[in-house]
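Peer 1: Take this structure, written in structure tokens, and hold onto it; I'll ask about it next.
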DNA sequence: GTAGGGTGTGGGGAAACCCCACAGTCAAGG
DNA sequence: CCTTGACTGTGGGGTTTCCCCACACCCTAC
């Protein structure tokens, strides 16, 4: 598969895909085309990209996701590990929510003052 | 006041202060020192920096904050304008909260699945 | 006069891409 | 056979909010 199709199927731009590849999140087989080299992807990278996006939505950076993907591929974590992991993330998300709630409250108070 | 004192009083690093200045958020009087020029700040920039930080916490980028500061200095907005403005921000914050809640729910479901 | 603190500029880096230009590849159509 | 159009590659710059050097100069105190 060429980069364009991966892009269409994942919604991630070509630049984004190349970026993921540079970051070591996905891999391609170089295919010679005249004097040039084109990237040839296996369809499975689509799944990988989707997993990456999920991990991102959990608040991980791409740099963190690389090791995670690799660890996962080598030996999928136990249920317990997974649960612990998810609970950690839950805590992170909740603290972000708490921060935003603080801001929300701040704004509401301001509005009260002004109206 | 020199940059170091501003930094100490605001918690913003010297680099950060120079950055704010480049962005046009604060100003300094150049003061000659031998063959060099040092920045000399008025104490009021401390307040300005604090206002900038507040605006940031409301979700504004530095680029947006410049015009806001200037507009505010020229003619402070009416109560109505202020309220409308704050309500907009409130909406933004709330939608961010909603996004995070979605993620929270997602993680909670995952945890249920696994445990 | 030298040490120690402050300050200046310039440059590189981080995050996760976007966007543009220029150029080569390839298949279809005339 | 050649052109056209869609696709791809690389290289470079830009975004945002600073951080972190390195090197050099300023000034004060001892």
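Residue numbers (the numbering used here), protein chains in the order written: chain A, 1423 to 1537; chain B, 1423 to 1537.
No residue lacks a Cβ here, since even glycine has one placed at the ideal position from N, Cα and C.
#1: Quick check on residue 1501 of chain B - is its C-beta less than 7 Å from some C-beta in chain A?
#2: Excluding the five sequence neighbours on either side, which residues of its own chain have a C-beta within less than 7 Å of the C-beta of residue 1428 of chain B, listed in chain order?
#3: Flag this pair as yes or no: are the beta carbons of residue 1506 of chain B and residue 1536 of chain A separated by less than 7 Å?
#4: Just the C-alpha distance for residue 1445 of chain B and residue 1441 of chain A, rounded to the nearest angstrom, thanks.
#5: List in chain order: all unbroken beta strand (DSSP E) runs of 3+ residues lying wholly within the segment 1451-1521 of chain A.
#6: Strictly below 9 Å CB to CB, what residues from chain A border residue 1530 of chain B?
#7: Any residues in the segment 1473-1500 of chain A with a beta carbon nearer than 9 Å to a beta carbon of chain B? Which ones, in chain order?
#8: Let me see if you follow: with CB-CB separation under 7 Å, is residue 1537 of chain A close to chain B or not?
#9: If we define contact as Cβ-Cβ less than 7 Å, is residue 1467 of chain A a contact residue for chain B?
#10: CA-CA distance, residue 1490 of chain A and residue 1437 of chain A?
#11: Would you say residue 1434 of chain A lies against chain B (beta-carbon separation less than 7 Å)?
#12: Note the first and the last residue of the continuous alpha helix (DSSP H) segment covering residue 1426 of chain A.
#13: Does the beta carbon of residue 1526 of chain B sit closer than 7 Å to a beta carbon anywhere in chain A?
#14: Taking 7 Å as the threshold (beta carbon to beta carbon), is residue 1522 of chain A in contact with chain B?
#15: Using a Cβ-Cβ cut-off of 7 Å, state whether residue 1504 of chain B counts as contacting chain A.
#16: Is the beta carbon of residue 1471 of chain A less than 7 Å from the beta carbon of residue 1434 of chain A?
#17: Determine the direct distance from the alpha carbon of residue 1473 of chain B to that of residue 1515 of chain A, and round the result to whole angstroms.
#18: Compare the C-beta of residue 1534 of chain A against all C-beta atoms of chain B and say whether one is closer than 7 Å.
#19: Taking the alpha helix (DSSP H) that residue 1439 of chain B belongs to, which residues open and close that run?
Peer 2: In this structure, then:
#1: With its beta carbon less than 7 Å from one in chain A, residue 1501 of chain B belongs to the interface.
#2: So the list reads 1439, 1463, 1467 and 1468, once near-sequence residues are dropped.
#3: No. Outside cutoff.
#4: Whole-angstrom Cα-Cα distance: 29 Å.
#5: Segments of the beta strand (DSSP E) lying fully in the segment 1451-1521 of chain A: 1451-1455 and 1458-1462.
#6: Result: 1508 and 1512.
#7: Those residues of the segment 1473-1500 of chain A that come within reach of chain B (Cβ to Cβ, closer than 9 Å) are 1476, 1479, 1480 and 1481.
#8: Answer yes: the Cβ-Cβ gap between residue 1537 of chain A and chain B drops below 7 Å somewhere.
#9: Chain B places no beta carbon closer than 7 Å to that of residue 1467 of chain A, leaving this residue out of the contacts.
#10: Put simply, the backbone Cα of residue 1490 of chain A is about 22 Å away from that of residue 1437 of chain A.
#11: No, residue 1434 of chain A lies away from the interface with chain B (no Cβ there is under 7 Å from its Cβ).
#12: If you look at residue 1426 of chain A, you'll find it in the alpha helix (DSSP H) that goes 1425-1432.
#13: Residue 1526 of chain B has a beta carbon lying within less than 7 Å of a beta carbon in chain A.
#14: Interface flag for residue 1522 of chain A against chain B is set, since a Cβ pair is found closer than 7 Å.
#15: For residue 1504 of chain B, a Cβ of chain A is located within less than 7 Å of the residue's own Cβ.
#16: Yes, they are a contact pair.
#17: CA-to-CA, the gap between residue 1515 of chain A and residue 1473 of chain B works out to about 27 Å.
#18: Chain B, which has no Cβ nearer than 7 Å to the Cβ of residue 1534 of chain A, makes this no.
#19: Residues 1436-1444.
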